[in-house]
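**Q**
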Ligand code: BES
Ligand code: MN
Ligand code: ZN
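In the working numbering, the protein residues as written are 2 to 490.
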């Protein structure tokens, strides 16, 4: 989907304020001092703004909050939106302001009197992120955001960083769209086609079909999709913006376009939410889009395993034993623990082919991570203190919750199988950890690796600060920052 709202940066010009038709935004800090734009609004409204700023109501607002003054006398605008924000706000405060503006925007144009406000670009990003609306499948009149014009003292500078912000927002929206899309639309083939279309952005995109996957020996992956009419695919996206020949960083995503559980069928209640079970692959795709759009100076490969987990006469049975590309055999006790079977082969392939400097996989892997962390944090599992710290730091800077959980040989022992090298479930206790232990068996010892269990954060039932209910795009911004801060020259 295109940007949900058109955003421009222009030189400050206070003259059009009286006649601006939509909504006019002013910023006022804790001390109540009015800048040039706010002073103009104050004069036009015969000091209504100053009266609000001196009120208890304003005093009670926290940084980033926005309140409307509707139909102000002396102005053509439908409202003045008063944002409480210091001149040098934090990134999160600036984005929060933007998100609140998006909620008050309606279908009106915004005239944002930013002047010398710091982080106007971050305000714009918050605005764009929260203006997103997945209305692809609604017929009839759709609500349409107006456009936002930011009046700033240095428009050229802003326009440059706004391009980076645009790349980030487009990546997040790409992830959200994929994750929100129902499974009859986003089939494995449709998903692969949407990724192939990113070649336009300069990404290399390669699609491996079932015959090729079979030749590579990816039997654990193929076992998940064998009950579905949609063909299993692996898509490899490469962004080569770094030094030629430098080993890439690898991102690997679980792309189960629908998870019925297979023969170990899930219960009916809530099963429709399993359209989001490709959320890990969605994040990988979104990050690759952002990296390409902002022409990142790094080599990054993104691999996704696209597959549908269906029960049928050809589906995998509980008790089946399959051999992974690595060569280890797996006894499939529960066909609903399919994500790890997908990732095992795709991660192994990523390491064999690309010898990456590091690898992060993302997956809506376990319901147990919701029990542990709810919707606030993704679970982080890692063999590397450095990589996990770097990632958690990047996530924190982007306001995306991430919390590390332990791994150890004692948990790994729970995967012991009587007839194969391992089984695919480790029992009810510590379900997210045993899933991570399963994955680690397919990680080479010398590859710094993180597994992100995003089952709780990829898609949520209630709106968040930066997204309406549904897909959040969690992780795109954190991973983009991880790359920018640690893997770019
Ligand atoms: N896709 C699910 C995990 C999930 C649950 C994602 C809730 C999003 C929300 C995964 O494939 C699954 O079914 N996991 C099982 C594993 C179990 C059988 C060991 C689970 O969590 O119940
Ligand atoms: Mn499952
Ligand atoms: Zn699943």
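We put the CB at the ideal spot given by N, CA and C, even for glycine.
In terms of residue numbering, what span does the alpha helix (DSSP H) encompassing residue 104 cover?
**A** Taken as a continuous stretch (DSSP letters only), the alpha helix (DSSP H) holding residue 104 covers 92 to 106.
**Q** Does the Cβ-Cβ distance between residue 173 and residue 478 come in under 8 angstroms?
**A** Yes, these two residues count as a Cβ contact at 8 angstroms.
**Q** Looking at residue 340 and the ligand ZN, is the gap between the Cβ and the nearest heavy atom below 7 angstroms?
**A** yes
**Q** Go ahead and label residue 138 buried or exposed: buried means 16 or more other beta carbons lie within 10 angstroms of its beta carbon, across all protein chains shown.
**A** exposed
**Q** Whether or not the segment 272 to 284 and the segment 210 to 223 are in contact is what I'm after, with contact meaning three or more pairs of Cβ atoms, one per stretch, closer than 8 angstroms; do they touch?
**A** no
**Q** Assuming residue 229 contacts residue 171 (C-beta within less than 8 angstroms), just tell me the rounded distance between them.
**A** No, residue 229 and residue 171 are not in contact; Cβ-Cβ is about 30 angstroms, not under 8 angstroms.
**Q** Report yes if the C-beta of residue 310 is less than 7 angstroms from at least one heavy atom of the ligand MN; otherwise report no.
**A** yes
**Q** Could you have a look at residue 448 and say whether DSSP puts it in helix, strand or coil?
**A** coil
**Q** Return the chain-ordered ranges of every alpha helix (DSSP H) run that is complete within the segment 415 to 448 and spans a minimum of 4 residues.
**A** 432 to 441
**Q** Rounded to whole angstroms, how far is the Cβ of residue 317 from the Cβ of residue 370, which I believe are closer than 8 angstroms?
**A** Not a contact, Cβ separation roughly 24 angstroms.
**Q** Please return the same chain residues whose Cβ sits closer than 8 angstroms to the Cβ of residue 357, not counting the five positions on each side in sequence.
**A** 248, 249, 250, 251, 302, 351 and 448
**Q** Could you give the residue range of the alpha helix (DSSP H) that holds residue 44?
**A** 37 to 45
**Q** When you compare the CB positions of residue 62 and residue 99, do they come within less than 8 angstroms of one another, or not?
**A** In this structure, residue 62 keeps its C-beta atom at 8 angstroms or more from the C-beta atom of residue 99.
**Q** Going by CA-CA distance only, name the one from 30, 311, 451 and 377 that's closest to residue 386.
**A** 451
**Q** Helix, strand or coil for residue 240 per DSSP?
**A** strand
**Q** Give the secondary structure of residue 375 by DSSP, where H, G and I count as helix, E and B as strand, and everything else as coil.
**A** coil
**Q** Please give the ranges of any alpha helix (DSSP H) in the segment 181 to 231, keeping only runs that are unbroken, at least 4 residues long and fully inside the region.
**A** 189 to 197, 211 to 217 and 220 to 226
**Q** Per DSSP, which residues does residue 8 bridge with? Please list them.
**A** 149
**Q** Would you call the segment 434 to 445 and the segment 360 to 375 in contact, with 3 or more CB pairs under 8 angstroms?
**A** These segments touch.
**Q** With a cut-off of 8 angstroms on the beta carbons, I'd call residue 204 and residue 272 a contact; round off their distance for me.
**A** Not confirmed; about 34 angstroms, so no contact.
**Q** Tell me which residue opens and which closes the beta strand (DSSP E) that residue 387 is part of.
**A** Looking at the DSSP string, residue 387 is not in any beta strand (DSSP E); the run it does join, the alpha helix (DSSP H), is 386 to 398.
**Q** Taking the beta carbon of residue 90 as the centre, do at least 16 other beta carbons fall within 10 Å, making it buried, or is it exposed?
**A** buried
**Q** Using three-state DSSP, classify residue 17 as helix, strand or coil.
**A** helix
**Q** Across which residues does DSSP place residue 330 in a beta bridge pair?
**A** 324
**Q** Straight-line CA distance for residue 298 to residue 332?
**A** 42 angstroms
**Q** Going by C-alpha to C-alpha distance, which of 261, 11 and 183 sits closest to residue 152?
**A** 11
**Q** Quick check on residue 458: does DSSP put it in helix, strand or coil?
**A** coil
**Q** Are residue 471 and residue 453 close, meaning C-beta to C-beta below 8 angstroms?
**A** Inclusion of residue 471 and residue 453 in the CB contact set at 8 angstroms is not warranted, their separation being larger than that value.
**Q** Any idea what DSSP makes of residue 413, helix, strand or coil?
**A** helix
**Q** Using only the alpha-carbon positions, how far apart do residue 7 and residue 220 sit?
**A** 47 angstroms
**Q** Please return the same chain residues whose Cβ sits closer than 6 angstroms to the Cβ of residue 491, not counting the five positions on each side in sequence.
**A** Absent from the structure is residue 491, since the part of the chain shown begins at 2 and ends at 490.
**Q** Shortest alpha-carbon distance to residue 64 belongs to which of 74, 80 and 30?
**A** The shortest C-alpha separation from residue 64 is found at 30.
**Q** For residue 41, count neighbouring C-beta atoms within 10 Å of its own C-beta (all shown protein chains included) and say buried if the count is 16 or more, exposed if not.
**A** Flag for residue 41 reads buried.
**Q** Hey, is residue 257 close to the ligand ZN, as in C-beta under 7 angstroms from one of its heavy atoms?
**A** yes
**Q** When burial is assigned at 16 or more other CB atoms within 10 Å of the CB, is residue 266 buried or exposed?
**A** exposed
**Q** Does DSSP put residue 486 in a helix, a strand or coil?
**A** helix
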